[in-house]
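Residue 1 is where the sequence shown starts when you use full-length UniProt numbering, and the numbers rise one by one after that.
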Amino acid sequence: MNKSVPGKIAFLAVTLIALASIYLNLQLSDELKEERHPIILTHFDRYDLELFNDFADRFQQGKGGYVLLIPPVVDGGYWIHDVHSQGKEIRWTIDNTRDGMTDEVDRGKREYVCHAIERADGGMSYTFALSRCNGYNEGEKIPVISFNKDKL
Numbered sequence: 001m002n003k004s005v006p007g008k009i010a011f012l013a014v015t016l017i018a019l020a021s022i023y024l025n026l027q028l029s030d031e032l033k034e035e036r037h038p039i040i041l042t043h044f045d046r047y048d049l050e051l052f053n054d055f056a057d058r059f060q061q062g063k064g065g066y067v068l069l070i071p072p073v074v075d076g077g078y079w080i081h082d083v084h085s086q087g088k089e090i091r092w093t094i095d096n097t098r099d100g101m102t103d104e105v106d107r108g109k110r111e112y113v114c115h116a117i118e119r120a121d122g123g124m125s126y127t128f129a130l131s132r133c134n135g136y137n138e139g140e141k142i143p144v145i146s147f148n149k150d151k152l
């Protein structure tokens with residue numbers, strides 16, 4: 001019986017280490033998921049609206065995230081919205097260099113660095129606007145993306 005006691009202790013120790021490792025990995029993956037949470041939105045339907053609302057809510061809670069928005073094309077090329085947040089500011093880059101219908105003067109990349117985002121119900125659409133942006137007036141709101149209600 002003495003010979004099996006060390007074996008049982010070793011088995012118990014290995015089991016406890018494995019359980020602790022699993023628990024720590026789950027905790028770390030949850031933390032990483034909160035920090036990274038990358039999303040690509042292309043349909044601008046109800047599901048995409050929920051995901052973007054989640055991004056905006058996470059920002060309000062001081063949590064980071066990343067979203068790439070590629071709105072559907074009506075005429076011309078894509079306008080790509082690259083949105084990063086670490087929970088304190090949002091860096092929103094709009095790249096319309098792929099849009100052949102955009103005037104040469106307006107074609108390029110625009111970047112906004114802002115400290116607030118809000119959603120407005122405009123009747124026909126939900127519009128997200130940035131505010132408290134570097135280089136803009138204090139109360140100025142910059143509408144950056146809309147979700148048409150008829151597609152929700």
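Think of the CB as a built atom: it goes at the ideal place given N, C-alpha and C, for glycine as much as any other residue. This structure is a prediction, so every number in the text was calculated from the model and none was measured.
H84 has Y66, R91 as its beta-bridge partners, per DSSP. Of all alpha-carbon atoms in V144, I40, A116, the one lying nearest the alpha-carbon of G87 is that of A116. Cβ-Cβ separation between K109 and D99: approximately 12 Å, too far for a contact (criterion under 8 Å).
With a 10 Å radius around the Cβ and a threshold of 16 neighbouring Cβ atoms, S4 comes out exposed.
Linking L69 to A120 through their CA atoms gives a straight-line distance of about 18 Å. The three-state reading of DSSP puts D54 in helix, counting H, G and I together.
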